[in-house]
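Here the structure is laid out as structure tokens; the discussion comes afterwards.
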Amino acid sequence: MKQIKVLGSGCSKCIKTAEIISKVAAEVGADVNIIKETDPEAIMNYGVMSTPAVVIDEQVVHSGSIPGQDAIRGWLS
Amino acid sequence: MFEIFTRLADWLVYQLMGLSPETKLGDALHFFVEDVSKIYVLLVVMIYLIALARASLNVVRVRDFLAGRHRGVGYLLGSGFGAITPFCSCSSIPVFLGFTSAGIPVGITMAFLLTSPLINEVAVLLLLSLLGWKFTVLYVLVGMAVGVLGGVFLDQIRAERWLQSFARKALERGQQQAPAQSGPAVRLSFAERHQFAKSETGEIFGRVWKWVIIGVGLGAALHGFVPDGWIESHLGDGQWWSVPAAVALGIPLYSNATGVIPVMESLIVNGLPIGTTLAFCMSTVAASFPEFILLKQVMQWRLLAILFAVLLAAFTLVGWIFNVLTPFI
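Keeping their order, the protein sequence lines are chains A and B.
Each residue of the first sequence is one higher than the one before, counting from -4 in my numbering.
Each residue of the second sequence is one higher than the one before, counting from 35 in my numbering.
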């Protein structure tokens, strides 16, 4: 099971990011656990300055915008 | 070049809707249609062009550029980059921590963050088209001065003492290590730049269009319904208290620079002194409670209170100084 974290202070874009990832995961049948990480210290420790950002299995794969569906499919496969 | 918008408003308001230019409603509506259509077109065209030019600028590159700079130039550069770097205000905290953990002094980081809401390309363009180049230059200089001096002051009082402890530790760690070297700038193809510019235009326009309506709407109401000379005789020169009052009024009001500029235009046209207008608008844009509450995550109350007081004092001073200088501009 992939551990996915969406980093961001709870702004509307971060919520949308989490929604779209869970939607794509359901489509492709990927087994994921999505967590919203809002703690500024944790976000800092990932070295992220632009939110929303996406972390998969502790690797930052995206930051600064809502990711596209194609990109998400790539991460989940 | 802007005549076409006057004609559009003439046609829509006077011909199609049949209102007379002599009535208050007709006058206000004409002003509204003309300004909103003009601003929308300007916004779309200019945001796209500017985004095309700055597609490869981002906060990570700014941080790597600022890290390890001498303080003297650091404040100026921090403030300058704050004006031109695109970033969403919901990213303020990650940006603050990213800069801090790279060892950049709090004052330089704050010069960046304070200038950012005050000056941006959209604000500058609106000012240029609505209020002319003199006022625009003035606005940009004052905005940067507030950022730079605010930053210098925070470092003078050693503001880092009052950061939350994890942020203070991150700053200390960052100052001990060598500044990070970012790789060479990524070269973007035109197609990538176009893609970035297109999504920027959509995003910024999606965020600010309603502010334009609110701002111009308020402006139109002032324009059409507040009697000529009322503002001038009640809030004109000579009343020293009108500046701090304008600043205080701006605190609970929150807008971004895009929404407040159309209001500025009508306030000035209606005779509110330039300094008082500037003070009101800067307070509306930069001193807002929700943003300050966010900063609580990285700063202790004491520093927050100092920062707030500094901003209010700065805007009041700006107001007084410009009211005195107006005859010479």
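Every residue, glycine too, gets a C-beta built ideally from N, C-alpha and C.
Nothing here was measured: the structure is a model prediction, and the numbers come from that model.
Exercise for the section: Report the rounded CA-to-CA distance for A/Val1 versus B/Lys168, giving the unit in angstroms. Expected result: For the purposes of this step, residue 1 of chain A is identified with residue 6 of the first sequence, where counting begins at 1. For the purposes of this step, residue 168 of chain B is identified with residue 134 of the second sequence, where counting begins at 1. Cα to Cα, the separation comes out at about 45 Å.
Problem - Start and end residues, alpha helix (DSSP H) containing B/Gln190 - result: Reading the second sequence from its first residue, position 156 is the one you call residue 190 of chain B. First-last of the alpha helix (DSSP H) with B/Gln190: 167 to 190.
Practice task
Mind checking which residues open and close the beta strand (DSSP E) that includes A/Gln54?
Solution key: In the first sequence, counting from the first residue as 1, residue 54 of chain A sits at position 59. First-last of the beta strand (DSSP E) with A/Gln54: 54 to 58.
Exercise for the section: Identify whether B/Met80 lies in helix, strand or coil by the three-state DSSP scheme. Expected result: Taking the first residue of the second sequence as position 1, residue 80 of chain B is located at position 46. Three-state DSSP puts B/Met80 in a helix.
Practice task
Note down, in chain order, every chain A residue with its Cβ under 7 Å from the Cβ of B/Ile127.
Solution key: Against the second sequence, residue 127 of chain B aligns to sequence position 93. Chain A residues near B/Ile127: Ser4, Pro35.
Problem - is_contact[A/Ile38, chain B] using C-beta, thresh 8 Å - result: If you number the first sequence from 1, residue 38 of chain A lands on position 43. Yes, A/Ile38 counts as interfacial toward chain B.
Practice task
May I ask you to report which of helix, strand or coil DSSP gives B/Leu222?
Solution key: Within the second sequence, the letter at position 188 stands for residue 222 of chain B. If DSSP states are grouped into helix, strand and coil, B/Leu222 belongs with coil.
Exercise for the section: Decide if B/Leu160 is buried, meaning its Cβ has at least 16 other Cβ atoms within 10 Å, or exposed. Expected result: Counted from its first residue, the second sequence places residue 160 of chain B at position 126. B/Leu160 comes out buried.
Problem - Cut-off 6 Å between Cβ atoms - residues of its own chain near A/Ile38, not counting five sequence neighbours on either side - result: Along the first sequence, read from residue 1 onward, the residue named residue 38 of chain A stands at position 43. Around A/Ile38: Leu2.
Exercise for the section: Going by CA-CA distance only, name the one from B/Ala193, B/Gly305, B/Ser135, B/Ile285 that's closest to B/Glu325. Expected result: Within the second sequence, the letter at position 291 stands for residue 325 of chain B. Minimum Cα distance to B/Glu325 is reached at B/Ile285.
Handout entry: For B/Gly249 and B/Pro296, the rounded distance between their alpha carbons
Key = Here the question's residue 296 of chain B lines up with position 262 in the second sequence. Here the question's residue 249 of chain B lines up with position 215 in the second sequence. Those two C-alpha atoms are separated by around 5 Å.
Exercise for the section: Let me know the secondary structure DSSP gives B/Val156 once reduced to three states. Expected result: Here the question's residue 156 of chain B lines up with position 122 in the second sequence. Helix, per DSSP.
Handout entry: Candidates B/Gly137, B/Leu131, B/Pro307, B/Glu56, of which the one nearest B/Leu147 by Cα
Key = Taking the first residue of the second sequence as 1, we reach residue 147 of chain B at position 113. That would be B/Leu131, whose Cα lies nearest to the Cα of B/Leu147.
Exercise for the section: Apply the 10 Å Cβ neighbour rule to B/Leu111 and answer buried if 16 or more other Cβ atoms are within range, or exposed otherwise. Expected result: Here residue 111 of chain B is taken as the residue at index 77 of the second sequence, counted from 1. It is buried - the Cβ of B/Leu111 has at least 16 other Cβ atoms within 10 Å.
Practice task
Give the straight-line distance between the Cα atoms of A/His57 and B/Leu256, rounded to the nearest whole angstrom.
Solution key: Walking along the first sequence from the start, residue 57 of chain A turns up at place 62. Walking along the second sequence from the start, residue 256 of chain B turns up at place 222. Rounded to the nearest angstrom, the two C-alpha atoms are 46 Å apart.
Problem - Beta carbon of B/Val344 nearer than 8 Å to that of B/Ala313 - result: Looking up residue 344 of chain B in the second sequence gives position 310. Looking up residue 313 of chain B in the second sequence gives position 279. No, they are not a contact pair.
Practice task
For A/Val88, name the three-state secondary structure that DSSP assigns.
Solution key: The requested residue 88 of chain A is not part of the displayed model; chain A covers only -4 to 72.
Practice task
Could you please give me the residues that DSSP links to A/Ala48 through a beta bridge?
Solution key: Counting from 1 along the first sequence, the entry for residue 48 of chain A is found at position 53. A/Ala48 is bridged to A/Leu2, A/Ser58.
Problem - B/Leu197, DSSP secondary structure in three states - result: Position 163 of the second sequence, counted from the first residue, corresponds to residue 197 of chain B. Of the three classes helix, strand and coil, the one that applies to B/Leu197 here is strand, per DSSP.
Practice task
Starting from A/Val27, trace the beta strand (DSSP E) both ways and give me its first and last residue.
Solution key: Within the first sequence, numbered from 1, the residue matching residue 27 of chain A stands at position 32. Per DSSP, A/Val27 belongs to the beta strand (DSSP E) from 27 to 32.
Handout entry: DSSP-derived helix/strand/coil call for B/Met333
Key = As a working note, residue 333 of chain B is residue 299 in the second sequence. Strand.
Handout entry: Selection from B/Leu86, B/Met316, B/Ala204, B/Ala339 that minimises the alpha carbon distance to B/His228
Key = Residue 228 of chain B sits at position 194 when you count from the first residue of the second sequence. For B/His228, the closest C-alpha among the options B/Leu86, B/Met316, B/Ala204, B/Ala339 is that of B/Leu86.
Practice task
Report yes or no: do three or more beta-carbon pairs, one from the stretch 89 to 98 of chain B and one from the stretch 291 to 305 of chain B, lie closer than 8 Å?
Solution key: no
Problem - Contact between the stretch 58 to 75 of chain B and the stretch 100 to 109 of chain B (3+ Cβ pairs under 8 Å) - result: no
Exercise for the section: Ignore the nearest five residues each way along the sequence and tell me which others in A/Val27's own chain have a CB closer than 6 Å to its CB. Expected result: Start at 1 with the first residue of the first sequence, and residue 27 of chain A comes out as number 32. Within the same chain, A/Val27 has close Cβ partners Lys(-3), Ile(-1), Ala20.
Handout entry: Cα-Cα separation between B/Thr133 and B/Ala101, rounded to whole angstroms
Key = One-based indexing of the second sequence puts residue 133 of chain B at position 99. One-based indexing of the second sequence puts residue 101 of chain B at position 67. Note that residue 133 of chain B corresponds to Phe in the displayed sequence, not to Thr. For B/Phe133 and B/Ala101, the distance between alpha carbons rounds to 8 Å.
Exercise for the section: Establish whether the CB of A/Met(-4) and some CB of chain B are separated by less than 8 Å. Expected result: Working through the first sequence from its first residue, we reach residue -4 of chain A at position 1. Using a Cβ-Cβ cut-off of 8 Å, A/Met(-4) does not count as an interface residue toward chain B, since no Cβ of chain B sits closer than that to its own.
Problem - Short CB-CB distance (under 8 Å) between B/Gly208 and chain A - result: Stepping through the second sequence from its first residue, residue 208 of chain B is reached at position 174. Cβ-Cβ to chain A under 8 Å: no for B/Gly208.
Problem - Under 8 Å from the C-beta of A/Thr74: neighbouring residues of chain B - result: There is simply no residue 74 of chain A to check, as chain A begins at -4 and stops at 72 in what is shown.
Problem - Cα-Cα separation between B/Ile127 and B/Pro55, rounded to whole angstroms - result: Position 93 of the second sequence holds residue 127 of chain B. Position 21 of the second sequence holds residue 55 of chain B. For B/Ile127 and B/Pro55, the distance between alpha carbons rounds to 49 Å.
Exercise for the section: Run down chain A in chain order and give the residues with a C-beta less than 8 Å from the C-beta of B/Ala204. Expected result: If you number the second sequence from 1, residue 204 of chain B lands on position 170. Simply Met39.
Problem - When A/Met44, A/Ala13, A/Gly42, A/Val43 are compared against A/Gly63, the one with the closest alpha-carbon - result: As a first step, residue 63 of chain A must be located in the first sequence, where it is residue number 68. For the residues A/Met44, A/Ala13, A/Gly42, A/Val43, the minimum Cα distance to A/Gly63 belongs to A/Ala13.
Practice task
Return the residue from the list B/Phe259, B/Phe239, B/Leu172 that minimises the CA-CA distance to B/Met80.
Solution key: Residue mapping note: residue 80 of chain B aligns to position 46 of the second sequence, counting from 1. B/Met80 has its Cα closest to that of B/Phe239, out of B/Phe259, B/Phe239, B/Leu172.
Practice task
Step through the CB atoms of chain B and report whether any lies within less than 8 Å of the CB of A/Val43.
Solution key: The sequence position of residue 43 of chain A within the first sequence is 48, counting from 1. For A/Val43, the answer is yes, since a Cβ of chain B falls inside 8 Å of its Cβ.
Problem - 8 Å Cβ cut-off: residues of chain A touching B/Val93 - result: Walking along the second sequence from the start, residue 93 of chain B turns up at place 59. Near B/Val93 (Cβ distances below 8 Å), the residues of chain A are Met44, Ser45.
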